[in-house]
Amino acid sequence: MCSDVSRHSLNTREMLQQALKVSSRSVSPLIRWMEGWAEITSTAIKRSTEPVVKTLREMPGPSIANFAWDLFAKGGLSRIHELQLEGLRRYGPVWKASFGPILTVHVAEPSLIEQILRQEGRHPMRSDLSSWKDFRKLRDHGYGLLTSEGEEWQAVRSLLGKHMLRPRAVEAYDGALNAVVSDLVLKLRHSRHPDGLVPDVAQEFYRFGLEGISSVLFDSRLGCLEPLVPEETERFIQSINTMFVMTLLTMAMPNWLHRLFPKPWTTFCQCWDYMFAFAKGHIDERLQKDAANMARGEKVEGNYLTYYLTQAGLPMKTVYSNVTELLLAGVDTISSTLSWSLYELSRHPELQASLREEVLSVLGDRKIPEAADVARMPLLKATVKEAHRLYPVIPANARVLTEGDIELGGFLIPKNTLITLCHFATSRDPAIFPNPDEFQPRRWLSRDQSHHPYASVPFGVGKRSCVGRRIAELELYLALARIVTEFEVKPDPAGGDVKPMTRTLLVPDRDVNLQFVDL
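Structure (structure tokens):
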């Protein structure tokens, strides 16, 4: 019985297997077709849900003619910062525009700016600054931190970073900077009219900025804050101003156009010639002084940047170019930020009084703040930070990503495309900063308000950020703290609002006149 059942089960199993084989052969084409259809459908559904990456050609932006009209017929190059806000409103956070022969992608979204700066590679490349480089090639000058790239830039950056970015190293300069601040306070007293008005304070702050950075670079004074300012110093300051204006013009003009309209390029070169000669003269004078001391058997050591550059064995061409670029970078940063900070404080007396109270509470019986005091002055730091947000010295920065193509905001950006980071637009975006046009330093102290860390980056971020940031900030803190405890700063009785304008950097569009009344 059992054997019969077993035999029956075996026959049934064999018949089933045979039937399955036949069935499989007969339905195989149908199964394959259904599998293929399912795969195609799945791919189509996947593609339909994936964001479409557009090309640079599809990116929105003004035509060359429209952009030129916006620049030159509606206020000129001085309103480039305002075009950032218009571009963001018209085209969204990413758009393209041609500035003369240069095509650039504009980015006005903090998260996208962060993406770019995090992908900049080992040796970040700024905008080409083509006219600056053309001048250096023409005169056979070296490149400084603002113009060099690659390994050459990295070597100098690493060297200067040791003496300009480390907090302990920066604190060593507070004695020299405080001496310059004391001279500034005296100069403001002597320059004011009987009613306390100091006209065009930005010029006084230019001289202060140049004197401060010179004390750091040369450990010597230039006489910028003396009653009678040396003629060569005034010419250097004027050369900086004119050079920045000519920078925009020369970069917007193709090289062949310089032959037809030579004046902008000629003026540009004359400014740079004087700035290089000015820096070289002071470097050589300082080195000759050191050499004379060594000849007398004295030990030579210094706490100034030119000393560190020369001791590192860098070629003198490199030393000259770096000191020249550091001089001009330091002057505008200090002058512009200090002018705007005091302009806004004069219009907000209650805020000025709170800041004065904070500084005095930290100083106690002392009159002169030190670098270590700043950490206990949060409102002072917030005031400078808010001035940088409203009036960033550099309204736009730039990068050229050389590592490869990147996807940015739904667009594929080809390698080596110039990307402009629109800092003025992000720092004035109401979606990020409520009441963006109002001067509100306490927004940086409130825990209820958080901002994207890349929404306001006045000194840049990452490897290519401003190497002199800590020294510039210390000079600003020391100066602002002294001024608000020595004077009550009041607005110009004649009234009138001051607006920003672009001159490569962002500067006041008219003289900033302020009253400095003794306390």
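Just so you know, we're using the numbering used here here: the sequence shown kicks off at 421 and counts up by one. C-beta: ideal position from N, C-alpha, C; glycine also.
Item, Value
"Of the listed residues Ser-755, Glu-571, Ser-498, Ser-578, nearest to Val-621 (C-alpha basis)", "Ser-755"
"Candidates Gly-632, Pro-735, Arg-477, Val-937, of which the one nearest Asp-594 by Cα", "Gly-632"
"Cα-Cα separation between Ala-845 and Phe-853, rounded to whole angstroms", "11 Å"
"Cβ contact (3+ pairs, closer than 8 Å) linking the region 810–830 and the region 871–886", "yes"
"Buried versus exposed, by CB contacts within 10 Å (16 or more), Met-479", "buried"
"Leu-497 versus Ile-788: straight-line alpha-carbon distance, rounded", "42 Å"
"Identified DSSP bridge partners for Gln-935", "Leu-617, Lys-910"
"Of the listed residues Arg-627, Leu-585, Leu-800, nearest to Leu-747 (C-alpha basis)", "Arg-627"
"According to DSSP, residues forming a beta bridge with Glu-827", "Leu-832"
"Sub-8 Å separation of Val-605 and Gln-772 beta-carbons", "no"
"Distance between Leu-838 and Gly-512 (C-alpha atoms, nearest Å)", "18 Å"
"CA-to-CA distance, Arg-499 to Val-590, given in whole angstroms", "36 Å"
"Test item: CB-CB of Leu-762 and Val-909 under 8 Å", "yes"
"Through-space distance from Ile-703 to Tyr-724, alpha-carbon basis", "11 Å"
"Short Cβ contact (8 Å threshold) for Arg-862 with Ala-802", "yes"
"Residue range of the unbroken alpha helix (DSSP H) whose run includes His-809", "The sequence as given places Arg at residue 809; His does not occur at that position. Element bounds for Arg-809: 798–810."
"Inter-residue spacing [alpha-carbon to alpha-carbon] between Lys-553 and Met-695", "15 Å"
"Length of the line joining the Cα atoms of Arg-577 and Glu-569", "10 Å"
"Distance between beta carbons of Ala-901 and Val-779, contact taken as under 8 Å", "5 Å"
"Best match in Arg-890, Leu-939, Ile-833, Ser-847 for proximity to Lys-516 [C-alpha to C-alpha]", "Ile-833"
"Per-residue burial, Leu-810 [other beta carbons within 10 Å of its own, 16 or more giving buried]", "buried"
"Beta-carbon contacts of Asp-693 that lie in its chain and below 8 Å, excluding the five residues immediately before and after", "Arg-559"
"For Leu-668, the nearest candidate out of Asp-931, Leu-926, Val-937 (CA to CA)", "Leu-926"
"Ile-465 versus Ala-528: straight-line alpha-carbon distance, rounded", "Low per-residue confidence applies at Ile-465: pLDDT is 49, beneath 50, and the placement is therefore not dependable enough to give any value."
"Proximity to Met-663 [Cα-Cα], best of Glu-764, Lys-683, Asp-490, Leu-579", "Lys-683"
"Delimiting residues of the beta strand (DSSP E) encompassing His-871", "Note, His-871: premise wrong, no beta strand (DSSP E); not H, not E."
"Closest residue to Arg-509 among Pro-482, Phe-519, Glu-534, Thr-524 (Cα-Cα distance)", "Pro-482"
"Distance, Arg-767 Cα to Lys-919 Cα", "14 Å"
"Span separating the alpha-carbon of Ser-518 from that of Val-665", "19 Å"
"Span of the beta strand (DSSP E) around Ile-839", "838–841"
"Nearest neighbour of Asp-938, chosen from Pro-735, Leu-617, Phe-688, Pro-873 [CA to CA]", "Leu-617"
"DSSP state of Lys-919 mapped onto helix, strand, coil", "coil"
"6 Å Cβ shell around His-872 - same chain, five flanking residues per side excluded", "Pro-530"
"Three-state class that DSSP yields for Asn-817 in the structure shown", "strand"
"Minimum C-alpha distance to Val-739 - residue among Glu-572, Ala-818, Arg-655", "Glu-572"
"Leu-828 and Leu-476 closer than 8 Å at C-beta", "no"
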